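Taking it in order: structure first as structure tokens, then the write-up.
Residue numbers (the numbering used here): 35 to 303.
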């Protein structure tokens, strides 16, 4: 799923030719059976248009990159849109949680306008699932959740009470303090993502005690839009989505109500 960092990277690249292929896709059968055909037709269109502007020798490496990228498309798991970006030194595809118009663009830079528009319209948020064994971060766009796997998340608590035994003289306050320190680390890491994507609504999940500890140490409690109670160490995205989405819908309705009230106030003034 595309992020604002991905958009910034795409917009910073300049190469001739920069090929962009975008199209709406489908999540379920039988509608998604037409997606490979649509991709093939757009690739054929792109190949013909490129051939009128560049020699075969110039195009050979780019077309090989395009062929490889198309072969990597996971059609059974597409979302609402698909974007492919290829140049002589770059090739990447993105599954989009919003539809985009079908088009082929050949230019000096990649076509990102439809992605910017889609991301602005879609409700975006974070889901933080607290656990000393494995605290997980998921990025949400609309009803689509994607788990973050990088140098920060999932994050595991280490040391006494986690990967090592508690000291023999440790009491419950010592254990609680260890958890608070760990969730401070989690909150610091989360701040990096919030700063990159403005402060998005946050859904926090975990056993009640851990959620309470996180709320105590968090530097941005205003971002917390709601919470889920339970152990989510093994929860799948499919299991989480309906519970998370009900909270996010409430956030969206509140934002719309605030916007309408602000408009009423402005008109009254």
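The beta carbon of each residue, even a glycine, is placed where N, CA and C say it ideally should be.
Bear in mind that the values here come from a model prediction, so they are computed numbers and not experimental data.
Which residue marks the beginning of the beta strand (DSSP E) containing residue i, and which one marks its end?
{"i": "residue 110", "result": "No beta strand (DSSP E) contains residue 110, which DSSP labels as neither H nor E."}
{"i": "residue 138", "result": "137 to 141"}
{"i": "residue 115", "result": "115 to 121"}
{"i": "residue 149", "result": "From DSSP, residue 149 is part of no beta strand (DSSP E) but of the alpha helix (DSSP H) over 147 to 155."}
{"i": "residue 200", "result": "Element bounds for residue 200: n/a, residue is neither H nor E."}
{"i": "residue 175", "result": "170 to 175"}
{"i": "residue 124", "result": "124 to 130"}
Under three-state DSSP, which class holds residue i?
{"i": "residue 268", "result": "coil"}
{"i": "residue 161", "result": "strand"}
{"i": "residue 61", "result": "coil"}
{"i": "residue 302", "result": "helix"}
{"i": "residue 180", "result": "strand"}
{"i": "residue 194", "result": "strand"}
{"i": "residue 37", "result": "coil"}
{"i": "residue 47", "result": "coil"}
Measuring only between beta-carbons, confirm whether residue i sits less than 9 Å from chain C.
{"i": "residue 150", "result": "Absence of chain C from the displayed structure is noted, only one protein chain being present."}
Excluding the 5 residues flanking residue i on each side, which residues of the same chain have their C-beta closer than 6 Å to its C-beta?
{"i": "residue 159", "result": "174, 234, 235 and 282"}
{"i": "residue 271", "result": "179"}
{"i": "residue 247", "result": "213, 214 and 217"}
{"i": "residue 261", "result": "238 and 245"}
{"i": "residue 51", "result": "140"}
{"i": "residue 279", "result": "177"}
{"i": "residue 144", "result": "44, 52, 54 and 119"}
Start and end of the alpha helix (DSSP H) containing residue i?
{"i": "residue 85", "result": "69 to 85"}
{"i": "residue 58", "result": "First-last for residue 58: 52 to 58, but that is the beta strand (DSSP E), not the alpha helix (DSSP H)."}
{"i": "residue 100", "result": "90 to 105"}
Using C-beta distances below 7 Å, list every residue in its chain close to residue i, excluding the 5 sequence neighbours before and after it, in chain order.
{"i": "residue 109", "result": "66, 69 and 70"}
{"i": "residue 83", "result": "138 and 140"}
{"i": "residue 76", "result": "55, 57, 136 and 138"}
{"i": "residue 99", "result": "120 and 125"}
{"i": "residue 62", "result": "none"}
{"i": "residue 33", "result": "Outside the shown range of the chain, which is 35 to 303, sits residue 33, and nothing can be said about it."}
{"i": "residue 146", "result": "41, 44 and 45"}
{"i": "residue 230", "result": "38 and 39"}
Ordered along the chain, which non-local residues of its own chain (more than five positions away) have a Cβ less than 8 Å from that of residue i?
{"i": "residue 85", "result": "93"}
{"i": "residue 103", "result": "118, 120, 125, 126 and 127"}
{"i": "residue 166", "result": "190, 191, 195, 196, 213, 216 and 244"}
{"i": "residue 80", "result": "53, 55, 100, 138 and 140"}
Is residue i a contact residue of the ligand NAP, with contact defined as CB to any heavy atom under 8 Å?
{"i": "residue 123", "result": "Of ligands this structure carries none, so the ligand NAP is not represented either."}
Handout entry: Complete runs of the alpha helix (DSSP H) confined to the region 203 to 268 [at least 4 residues]
Key = 206 to 230 and 242 to 251
Handout entry: Cβ contact check for the region 235 to 251 and the region 151 to 168: 3 or more pairs under 8 Å
Key = They touch, by the three-pair rule.
Practice task
Please confirm if the region 211 to 223 is in contact with the region 186 to 197, defined as three or more CB-CB distances below 8 Å between the two stretches.
Solution key: yes
Problem - Cβ pair count under 8 Å reaching 3, the region 255 to 272 against the region 203 to 212 - result: In the pairwise beta carbon analysis, the region 255 to 272 is classified as not touching the region 203 to 212: fewer than three pairs are separated by under 8 Å.
Practice task
Please confirm if the region 117 to 130 is in contact with the region 141 to 157, defined as three or more CB-CB distances below 8 Å between the two stretches.
Solution key: yes
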